[in-house]
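Enquirer: Residue numbers (the numbering used here), protein chains in the order written: chain A, 1 to 294; chain B, 1 to 517.
Where is the CB? At the ideal position from N, CA and C, for every residue including glycine.
Being a predicted model, the structure only gives us computed values, none of them experimental.
Below: one structure in structure tokens.
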């Protein structure tokens, strides 16, 4: 048996600092919102001429007066991603096309064009925030119905930890937040809950079974009993996600990366946050039996 | 838990076979209509354009209020009440009247059977609100009035947008209302949205009006620019003909001048008016105005009584074709703005399908190998279940002809990764049970029973997340929540029916085998 409980305090301090650092990052550095939430235009180009470099493309486009324009390679040397913010020019996409055809002789293929107006991006951001809030609220209600309040608190703290730290990491690395990241965060919420609930289920079962074991020890037993399941499921999920990350194309990179972080944090938090909350609240057999009577 | 009746086994087999069959119709051709179903590919996989259009209703409100001035004036004139000083400011109409008539005017507006201000019985609201301030009246659209106006202009705009898109002939466009002032257009397989965008971006409000020399015209006059911006002209506000009078419009080559023109034919009313205008106005210039810009302003040389004519204006064949198309399909009730656009080229779509499939296969193989190494015989059972699970999932998507997006494929891959969880929970539990229980059958039975709540909990939480995503998410993300959500049900089915059946078959033959799992 592994003594997970030896490190409860140390990892609690670590998690608390991670959450604080993440919150500071989110407040002061903020998130790198993509065009879905900030509005603007994104163009993915593929050149048939291998001699075209990102610098020459950048020089050419920056002369077009489209404001702050970002040009970079996307996945490989012949794919480019152009981004710029919303501006007065409604025909910017068409003008870029004409300009590029003129300057580089029809060697660009427009693979993807996305344009999100300011009104739509505000709405998307709002609905994204609402979606995550509703998800957290629903999980809270579900866990509240299923378990005693101490368990609910533990699960929700684990959940907030995972979401905050994942977003914090995105802020730290400057990774782009777009619609698919919202989907990833929601899936993380589901996964983290899933993981926590399975361990809690065992904790509760063991609480009923043993009246003489303290919660500090009991959580450790429960974690160990469910450990191989926790690991196997995390591994198969990570295998699937890694496969999406490496082979699923550029579009799914951010999504799968967020999910990978989320699964790792989710697995960690169900052991080191959810359970320590039970220990700190000194949950005992009485807690569970009282509920049973009700 | 471990008993399966013959009936149940047959039921499981039929369901599995049914979905495998349905799933295979994506790859095989059946002549049967019911079987010939396919999963729809989302725009991100097959390529195409997604456009969200917003109707700018402000000009409509202003136009309606402008028209209202004449109606109000005439209505009260008949009642010998003089209303004057009409002013339109910020979508509010102001006017004044003699003090003695104030109450009568208010009553006329606020009565439930008002002739000038329709009353919506259902919503207990008038179309217009009227407020009396110091010495003038303020009239504006009520909340319900605005809603009705928006709904009707959305209906009209939808019809026009559909006509324009049908004229271009893209395959299977999807044109839907969103809210009460938006229209969603999905155009699969379209790789150059520029033309559609420019066609949808034009109101195509066509009028024929005389050019006047001064602003003394009794109907009022305005200064308008020519299309090419080169010059401007003062044009009467009196409309001789409008786009409503057109029956048909076609691009043509004028053989005399070697110029591309748009020919048009008019309906009866239009032909009469055109004939009258051209007979009285010989020598005058008749301006042809599209969306507030003059296309051309030819001098009338002869009376045109045939009810047809042509518009020239330095067109290329392409621009003439587009103008003819716009005129045929009619004018939008209000300007449309494209507020969101997402276009994926067909080759990126192809690449995405390829990448998605490769990721699915690799992810699947990795998971299958890992489980096989970990659980041996039961790993094989889990893997068979996993394959069937995948078929059932694809079968359901096919049956409902659901739309598969790239995130949707990610949802399937994720389902593969998480689907084994239920079996792992069961097997791990059985392992624990076997520590105290030597009878394999009993241990398996209690393993299944005791893991049930954890499995349900785990799946409900993921399902909740998927449901929220389905209702809040848009387009591709919806596809993700769909496959993830359906995947939960197929997983539970395959774990509790297929995997359990296989497990039972194996365990009942190896009742006393030690270290069975």
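Taking only beta carbons into account, state which residues of the region 157-187 of chain A come closer than 7 Å to chain B, listed in chain order.
Expert: Under the 7 Å Cβ criterion, the region 157-187 of chain A contributes 179, 180, 183, 186 and 187.
Enquirer: Show which residues of chain A have a CB atom less than 8 Å away from the CB atom of residue 352 of chain B.
Expert: Within chain A, the residues near residue 352 of chain B are 249 and 251.
Enquirer: Can you pull the DSSP bridge partners for residue 128 of chain B?
Expert: Partner(s): B/141.
Enquirer: In the DSSP assignment, find the alpha helix (DSSP H) that holds residue 287 of chain B and state where it starts and stops.
Expert: Counting along the chain, residue 287 of chain B falls outside any alpha helix (DSSP H), though it belongs to the beta strand (DSSP E) covering 286-290.
Enquirer: I need the boundaries of the alpha helix (DSSP H) containing residue 103 of chain B, first residue and last residue.
Expert: Looking at the DSSP string, the run of the alpha helix (DSSP H) that includes residue 103 of chain B is 102-110.
Enquirer: What does residue 193 of chain A touch in chain B if you count any residue whose Cβ is under 7 Å from its own?
Expert: Ordered by position in chain B, the residues that pass the 7 Å Cβ test against residue 193 of chain A are 461.
Enquirer: Is it buried or exposed, residue 118 of chain A, if we count other Cβ atoms within 10 angstroms and call 16 or more buried?
Expert: Looking at its Cβ environment, which holds fewer than 16 other Cβ atoms inside 10 Å, residue 118 of chain A is exposed.
Enquirer: Quick one, which of B/220, B/245 and B/248 has its alpha-carbon nearest residue 235 of chain B's?
Expert: With distances taken between Cα atoms, residue 235 of chain B lies closest to B/220.
Enquirer: Give the range of the beta strand (DSSP E) segment to which residue 134 of chain A is assigned.
Expert: Element bounds for residue 134 of chain A: not the beta strand (DSSP E) but the alpha helix (DSSP H), 118-146.
Enquirer: What residues in the region 137-158 of chain A bring their beta carbon closer than 9 Å to a beta carbon of chain B?
Expert: From the region 137-158 of chain A, only 138, 139, 142, 143 and 146 have a Cβ closer than 9 Å to chain B.
Enquirer: In chain order, what residues of the region 420-448 of chain B put their CB closer than 9 Å to some CB of chain A?
Expert: Against chain A - using a Cβ distance shorter than 9 Å - the residues of the region 420-448 of chain B are 420, 421, 424, 425, 427, 428, 429, 431 and 432.
Enquirer: So is residue 173 of chain A buried or exposed if we call it buried at 16+ other beta carbons inside 10 Å?
Expert: Result: exposed.
Enquirer: Is it the case that the region 406-421 of chain B contacts the region 360-376 of chain B, given that we only count it when at least three CB pairs across the two stretches are under 8 Å?
Expert: Enough Cβ pairs lie closer than 8 Å, so yes.
Enquirer: Look at residue 477 of chain B and residue 135 of chain A and say whether their C-beta atoms are less than 8 Å apart.
Expert: Taking 8 Å as the Cβ cut-off, residue 477 of chain B and residue 135 of chain A do not qualify as a contacting pair.
Enquirer: So, does the region 3-21 of chain A touch the region 144-156 of chain A, judging by three or more C-beta pairs under 8 Å?
Expert: Contact fails: fewer than three Cβ-Cβ distances are below 8 Å.
Enquirer: Within its chain, find whatever has a CB closer than 8 Å to the CB of residue 437 of chain B; leave out the 5 residues flanking it on each side and keep chain order.
Expert: The residues are 443 and 446.
Enquirer: Can you confirm whether residue 267 of chain B, when its beta carbon is compared against all beta carbons of chain A, has any partner nearer than 8 Å?
Expert: No, no contact with chain A.
Enquirer: Tell me which residue opens and which closes the beta strand (DSSP E) that residue 299 of chain B is part of.
Expert: Looking at the DSSP string, residue 299 of chain B is not in any beta strand (DSSP E), and its letter there is neither H nor E.
Enquirer: On the CB-based measure, 16 or more other CB atoms within 10 Å of its CB, does residue 124 of chain B come out buried or exposed?
Expert: Burial call: exposed.
Enquirer: By DSSP, does residue 483 of chain B sit in helix, in strand, or in coil?
Expert: Helix at residue 483 of chain B.
Enquirer: Strictly by DSSP, which residues pair up with residue 87 of chain B?
Expert: For residue 87 of chain B, which the question treats as bridged, DSSP gives the partners B/94.
Enquirer: Please specify which runs of the beta strand (DSSP E), each continuous and at least 3 residues long, are wholly inside the region 307-384 of chain B, giving them in chain order.
Expert: Qualifying beta strand (DSSP E) stretches, in chain order: 308-315 and 336-344.
Enquirer: If you drop the 5 nearest sequence neighbours on each side, which residues of the same chain put their C-beta closer than 6 Å to that of residue 125 of chain A?
Expert: 37, listed in sequence order.
Enquirer: Between the beta-carbon of residue 188 of chain A and the beta-carbon of residue 163 of chain A, is there less than 8 Å?
Expert: Contact flag set, yes.
Enquirer: State yes or no: is the beta carbon of residue 198 of chain A nearer than 8 Å to at least one beta carbon in chain B?
Expert: Yes, residue 198 of chain A lies at the interface with chain B (some Cβ there is under 8 Å from its Cβ).
Enquirer: Per DSSP, which residues does residue 420 of chain B bridge with? Please list them.
Expert: According to DSSP, residue 420 of chain B bridges with nothing at all.
Enquirer: For the alpha helix (DSSP H) containing residue 8 of chain B, list its first residue and its last residue.
Expert: That run of the alpha helix (DSSP H) goes 6-24.
Enquirer: Just the Cα atoms here: how many angstroms apart are residue 74 of chain B and residue 335 of chain B?
Expert: Cα to Cα, the separation comes out at about 30 Å.
Enquirer: Would DSSP call residue 175 of chain A helix, strand or coil?
Expert: DSSP places residue 175 of chain A in coil when its eight states are reduced to three.
Enquirer: Around the Cβ of residue 7 of chain B, are there at least 16 other Cβ atoms within 10 angstroms (buried) or fewer (exposed)?
Expert: Answer is exposed; the Cβ neighbour count stays below 16.
Enquirer: Name the residue from A/58, A/151 and A/52 whose alpha carbon lies nearest to the alpha carbon of residue 105 of chain A.
Expert: Answer by Cα proximity: A/52.
Enquirer: Can you give me the C-alpha to C-alpha distance between residue 408 of chain B and residue 461 of chain B, rounded to a whole angstrom?
Expert: Spanning the two alpha carbons is a distance of roughly 19 Å.
Enquirer: What is the rounded straight-line gap between the Cα of residue 75 of chain A and the Cα of residue 211 of chain A?
Expert: Approximately 58 Å between the Cα atoms of the pair.
Enquirer: Taking only beta carbons into account, state which residues of the region 96-126 of chain A come closer than 9 Å to chain C, listed in chain order.
Expert: Absent from the structure is chain C; the protein chains it does hold are A and B.
Enquirer: Looking at the secondary structure, which residues open and close the beta strand (DSSP E) in which residue 70 of chain A lies?
Expert: First-last of the beta strand (DSSP E) with residue 70 of chain A: 69-74.
Enquirer: Which whole-angstrom value is the C-beta distance of residue 270 of chain A and residue 156 of chain A, which I expect to be below 8 Å?
Expert: Not really, about 12 Å apart at Cβ, beyond 8 Å.
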